[in-house]
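Heads up: the sequence lines are chains A and B, in that order.
Per UniProt numbering: the first sequence = residues 1 to 408.
Per UniProt numbering: the second sequence = residues 1 to 408.
By construction, the Cβ of each residue, glycine as well, lies at the ideal position given by its N, Cα and C atoms.
Nothing here was measured: the structure is a model prediction, and the numbers come from that model.
Shown next, in structure tokens, is the structure this report addresses.
There are 2 protein chains.
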Amino acid sequence: MKSNLAPLAPKADQDTVRRHNLSLVLRAVHDEGEATRAGVAARVRLTRAAVSSLVEQLLEGGFVTESGKTSSGQAGRPGTVLKPARTGVAGVGVEINVDYTTVCVVDLAGTDRVRLTEHLDNRGAPPAEVLARAARLTSRALDSAGQQELRPAGVTLALPGLVAGGTVRQAPNLGWNGVPADTLFARELAKCSEAPPVAVGSENEANLAALAELWFGAPGEARTFLYLSGEIGVGGALVLNGELLRGAHGFAGEIGHVPVDPAGPECRCGARGCLERYAGQSALLSGGGIDEGAGAAGVAELERRARAGDERALTALGTAGRMLGRVLAGAVNLLDPQTVVLGGVYRALAPWLTPPAEAELASRVVSGLWPRGSGRLRPSSPSGDAARGAAALVVEAVLDDPAGWAQA
Amino acid sequence: MKSNLAPLAPKADQDTVRRHNLSLVLRAVHDEGEATRAGVAARVRLTRAAVSSLVEQLLEGGFVTESGKTSSGQAGRPGTVLKPARTGVAGVGVEINVDYTTVCVVDLAGTDRVRLTEHLDNRGAPPAEVLARAARLTSRALDSAGQQELRPAGVTLALPGLVAGGTVRQAPNLGWNGVPADTLFARELAKCSEAPPVAVGSENEANLAALAELWFGAPGEARTFLYLSGEIGVGGALVLNGELLRGAHGFAGEIGHVPVDPAGPECRCGARGCLERYAGQSALLSGGGIDEGAGAAGVAELERRARAGDERALTALGTAGRMLGRVLAGAVNLLDPQTVVLGGVYRALAPWLTPPAEAELASRVVSGLWPRGSGRLRPSSPSGDAARGAAALVVEAVLDDPAGWAQA
């Protein structure tokens with residue numbers, strides 16, 4: 001057998017160990033929501049003295065706050081309660097989708113503190129202009145954040161396309177090809193914001209929505225799931241044991257371009273008969289007799305009509321659900337996930353999409369492994385979306401190495 | 001954000017550390033093929049003294065051998081060369097496929113030391129009888145292994161179906177449902193072999209073939225790949241960063257049952273239009289005008305006819321290649337693997353399957369990420385198959401904890 005070992009990790013020096021332990025302690029407080037020093041020490045398996053010293057650094061850095069005195073009335077350390085700070089470093093997420101842009105600022109606890117959404121068609125304008133508009137929206141969000149004493153540790157852009165190394169290789173529904181989104185956005189933000197410059201990264205929107213589902217979804221939910229993000233495009237993401245699968249080039253999850261009918265209608269991606277052409281937002285709206293360009297209002301209208309029993313709406317949803325189910329059956333046979341999560345516009349439309357999709361899954365997944373009514377095809381949590389996932393990704397970076405983000 | 005931390009690892013006690021280090025040293029010798037104590041110490045970052053003591057235990061346990069004296073003529077320790085033992089513990093793999101059974105014994109270096117194959121139709125007989133025949137073949141292989149002073153540490157059965165917890169939940173092409181293969185095989189082996197009883201495990205054949213590709217394929221090959229195993233059924237497996245993806249129930253990889261045409265012919269799995277019906281061995285043979293039941297000889301005949309330019313053979317291969325490409329395009333969009341490996345009967349037929357499959361990939365994978373001629377769709381290595389992967393899985397268990405397998 002040939003060697004397939006990963007390279008050995010470098011020897012940890014003392015500073016690395018201290019930074020690592022600082023992260024451990026901050027994560028313990030973060031994950032518990034509130035904790036005592038003793039509780040943290042038990043969880044991270046460090047001595048009480050070591051934890052107290054690390055907590056001191058986290059308090060100084062503004063990452064945690066303490067409240068509550070011990071019952072003895074002393075301002076004693078062991079009994080006070082530590083919480084993630086509600087001020088100080090924060091994460092910023094900016095979702096630029098086809099027909100809306102959302103900016104979201106979350107604090108160290110992961111709480112949404114600012115949220116601004118602009119409904120507008122981003123297809124009509126050149127990428128630089130779209131990014132400039134998004135930067136202006138972000139600048140307004142940063143003002144609100146500043147008033148709440150939050151300062152951005154970084155910005156993550158959530159984009160509906162293939163994103164790697166800060167560049168959007170292709171976002172067919174935006175019409176973007178090879179757009180250096182990070183750089184353009186940072187430049188625009190510098191023009192309209194007085195805040196000090198921050199790092200800008202970018203990531204596929206479905207990946208970030210899936211991470212938001214993982215982080216903010218109901219406790220006890222599956223950690224191995226396939227996430228579908230229904231928008232103008234149909235994005236997808238795979239979370240395996242709590243880790244996002246990025247693939248060899250960072251482009252995994254493009255379920256919208258799995259072929260449904262090889263001879264079907266042409267797709268914006270260049271191929272034919274992709275799932276997106278049958279189950280994307282535009283197909284749903286036009287199938288339901290609603291203007292394709294009606295955006296979120298159109299989706300709400302489709303939902304209203306379905307609820308009222310409108311036949312065209314129900315047929316469009318039935319077809320989309322069947323096509324979703326067909327593609328999902330293949331994906332489930334390939335990946336054997338615990339659950340499949342329907343996000344984006346699919347969340348509100350799940351009551352009508354789920355039954356036909358479940359029927360396809362029940363008849364096509366091998367060995368009866370997906371019986372109807374299993375509850376394993378479910379709508380996404382209302383608390384997670386790509387913008388929040390994007391902001392939380394920044395917070396994750398802070399939690400991973402708080403020493404790198406301490407207040408100047 | 002809610003807590004998604006894995007449970008903390010138990011504190012390692014001294015015995016655990018020693019066993020772990022023993023494994024590290026054995027793996028170092030195994031991965032290098034041959035190594036000096038000094039080389040091992042540098043690689044595993046332990047002191048020379050610690051390594052020498054661990055090597056002593058491995059020599060006593062019969063896991064490594066040493067040869068070669070230092071040039072100074074001393075029987076000195078530091079300069080002698082350590083190698084994995086060619087005698088002692090070995091792994092046994094038994095692939096029970098639809099039209100053949102193969103038993104393979106590999107030593108600690110991963111070398112094939114015994115290999116027996118019986119071509120016969122396993123569909124005709126009840127599972128217990130098939131397993132009894134396989135046990136008899138295994139017993140003969142164990143005799144040969146014994147003559148080479150190899151003793152089995154365990155047996156892994158490779159089976160063409162959904163396997164979990166020692167039971168074949170479903171193997172449609174064998175006609176097996178809910179067969180406790182481990183137990184039945186162990187009982188039959190005890191009847192016909194005088195060797196002491198060994199642990200028996202089982203696993204999907206495509207998973208094991210993919211592991212064999214990972215372990216025995218050309219050095220420098222991708223560690224993230226999709227493996228297709230073309231047999232009577234079409235099996236699949238996903239290796240991500242050198243790890244097999246098993247899925248939530250251990251059933252990931254069933255690419256043979258991804259729907260190609262939802263209204264297509266019925267498949268043995270109960271669904272319609274599965275890939276297997278278009279690109280499995282039976283479809284290839286009958287499409288090429290050869291008796292479906294002709295097995296390996298039939299595949300050789302198909303290859304011969306294709307090479308001779310026979311039109312029916314070329315058409316059958318062209319259709320299968322296109323269908324493979326279509327399903328692979330969906331899988332590549334979803335998973336973004338570095339390569340796709342064609343194993344089983346597809347290996348020999350790759351010259352004819354690859355061009356039409358590449359054409360589908362080139363036109364259907366998003367963003368031109370799979371240009372023709374990329375070489376990313378390639379035949380499997382001739383040195384790996386499911387039986388060898390099954391045997392090597394046992395060797396892996398020994399390498400993970402040699403202390404558990406020391407000579408009595």
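Neighbourhood of residue i by C-beta, 6 angstroms cutoff - its chain only, sequence neighbours within 5 removed
i	result
B/T183	none
B/A199	G154
A/L208	A158, A386, G389, A390
A/A406	G61
A/A350	L342, P379
A/V92	V105, P152, V155, A391
A/F251	L162
B/L214	V239
Sub-8 angstroms separation of residue i and residue j beta-carbons
i	j	result
B/R268	B/P172	yes
B/E95	B/A386	yes
A/A50	A/R86	no
A/G287	A/T319	yes
A/F225	A/P371	no
A/G253	A/N204	yes
A/A357	A/L328	yes
residue 411 of chain B	B/L314	Only positions 1 to 408 of chain B appear in the structure, and residue 411 of chain B is not among them; the question remains open.
A/A218	A/S381	yes
Where residue i falls: helix, strand or coil (DSSP)
i	result
B/N97	coil
A/L377	strand
B/R246	coil
A/R388	helix
B/S67	strand
A/D336	coil
A/R347	helix
B/E118	strand
A/F251	coil
B/A237	strand
A/W370	coil
B/V17	helix
A/R113	strand
B/R86	coil
B/G289	coil
B/Q148	coil
A/E303	helix
A/E194	coil
A/R169	strand
B/V260	coil
A/E34	coil
Through-space distance from residue j to residue i, alpha-carbon basis
i	j	result
A/A308	A/R347	18 angstroms
B/T339	B/L238	11 angstroms
A/A80	A/R37	According to the sequence as given, residue 80 of chain A is Thr; it is not Ala. Approximately 8 angstroms between the Cα atoms of the pair.
A/P379	A/A210	12 angstroms
B/A141	B/P196	14 angstroms
A/R113	A/S383	13 angstroms
A/G33	A/L26	10 angstroms
B/R312	A/P262	23 angstroms
A/A125	A/Y100	13 angstroms
A/T70	A/T47	Legend: pLDDT at A/T70 = 48, less than 50; position of this residue unreliable, no value from coordinates given.
Chain A residues whose Cβ lies nearer than 7 angstroms to that of residue i
i	result
B/E254	N333, L334, V366
B/P262	R326
Own chain residues within Cβ distance below 7 angstroms of residue i, not counting five before or after
i	result
A/R151	G88, V89, A90
A/L189	A135, T138, S139
Under 7 angstroms by beta carbon: chain B residues contacting residue i
i	result
A/S363	A271
A/P196	Under the 7 angstroms cutoff, chain B gives no residues; its nearest Cβ is about 26 angstroms from A/P196.
A/E162	This sequence places Leu at residue 162 of chain A; Glu is not what is there. Simply V366, S367.
Chain B residues whose Cβ lies nearer than 8 angstroms to that of residue i
i	result
A/P259	R326, A329, G330, R364
A/T224	G247, A248
A/L240	L240, L245
Close Cβ partners of residue i (< 8 angstroms) along its chain, the five nearest in sequence each way excluded
i	result
A/R326	V260, E360, R364
Interface partners of residue i on chain A, CB under 9 angstroms
i	result
B/H249	D336, Q338, L369
B/L174	The contacting residues do not exist; B/L174 stays about 13 angstroms from chain A at best.
B/G236	N333, L334
Per-residue contacts from residue i into chain A (C-beta, under 8 angstroms)
i	result
B/Q170	V366, S367
Cβ-heavy atom distance, residue i to the ligand MN, below 7 angstroms
i	result
B/T47	Looking at this structure, you won't find the ligand MN or any other ligand, since it has none at all.
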